[in-house]
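Reviewing the structure listed below.
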Amino acid sequence: MQKDFSFKYEVFAGINELNKEDKDLLEKARINTKSAYAPYSNFHVSAVALLDNGETVSATNQENASYPVAICAERTLLGAVSSLQPDKLIKTIAISYDNKNGESIKPITPCGICRQSLVEYENRFQQNIKIIMSGLEGEVLVVENAHQLLPFSFSSDDMKVATIQK
Ligand code: THU
């Protein structure tokens, strides 16, 4: 038996097509790329969360001379929100980047590890996180939740099943 998987995402030609709330958040994310610490890749990534109380929390990628130590902007952000505002829900995250070695036009999409972290956050708080993805200019992609980006994701539920079967 073959099954199909599909997911929905929206494509906007530019930031001005977004509603005001999303536009403000993406603008913040674009400006916040200046705070990245990315001297090795020169790829400055920023992620900004809009919380359910209207506040925003901003984060960037943090690299290290020992390359694998680097942490992506998305996971820096989740750690910051979870530590600073543990009782607030994340409504939306906007992600952007400044590629100092080239253009910043193609929308950024989170790496695999960050997708797994985003999914865990959604599971933990039982709340969809809308993800807005873009460069410093150009097209904007939007998904309604992180699960859309990671089909067949691994979660604590999978471990429960394994335990019961023993
Ligand atoms: N990076 C992020 O911060 N987020 C992503 O979604 C993709 C990659 C960072 C990690 C590293 O510091 C640099 O970008 C190049 O991979």
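End of the sequence shown sits at 1391 in this note's numbering; the numbers just go up one at a time, nothing left out.
Glycine included, each C-beta is placed from N, C-alpha and C at the ideal position.
Since this is a predicted model, take the numbers as computed values, not measurements.
Go ahead and pull the three-state DSSP assignment for Tyr1404. This structure does not reach residue 1404, given that the chain is present from 1226 up to 1391, and the question cannot be answered.
Tell me whether Cys1339 is buried or exposed, calling it buried when 16 or more other Cβ atoms sit within 10 Å of its Cβ. Using a 10 angstroms sphere on the CB of Cys1339, the tally of other CB atoms reaches 16 or more, which defines it as buried.
Please work out which residues of its chain come closer than 6 Å, Cβ to Cβ, to Phe1350, disregarding the five sequence neighbours upstream and downstream, and give them in chain order. These residues qualify, in order along the chain: Leu1314.
Rounded separation between Val1367 and Ile1356 - CA only: So the two alpha carbons sit approximately 6 Å from each other.
I'd like to confirm the pairing. Which residues does DSSP put opposite Ala1290 in its beta bridges? None; Ala1290 has no bridge partner.
Do you know how far the Cα of Thr1301 is from the Cα of Cys1336? Between the alpha carbons of Cys1336 and Thr1301 lies a distance of about 13 Å.
For Tyr1346, three-class secondary structure by DSSP: It is helical.
What is the rounded straight-line gap between the Cα of Leu1375 and the Cα of Tyr1292? If you take the alpha carbons of Leu1375 and Tyr1292, they lie about 25 Å apart.
Between Asp1312, Asp1277, Gln1310 and Thr1258, which has its C-alpha nearest Asn1286's C-alpha? The shortest C-alpha separation from Asn1286 is found at Thr1258.
Are the beta-carbon atoms of Asn1267 and Lys1325 separated by less than 8 Å? Yes, Cβ-Cβ distance for Asn1267 and Lys1325 is below 8 Å.
Could you tell me whether the Cβ atoms of Lys1245 and Leu1275 are closer together than 8 Å? No; because the gap between Cβ atoms is not below 8 Å, this pair is not in contact.
Go ahead and label Leu1309 buried or exposed: buried means 16 or more other beta carbons lie within 10 angstroms of its beta carbon, across all protein chains shown. Exposed, because fewer than 16 other Cβ atoms sit within 10 Å of the Cβ of Leu1309.
Would DSSP call Ser1307 helix, strand or coil? Under the three-state reduction of DSSP, Ser1307 is assigned to helix.
I'd like the span of the beta strand (DSSP E) that includes Lys1228, first residue to last. The continuous stretches of beta strand (DSSP E) do not include Lys1228, and DSSP gives it neither H nor E.
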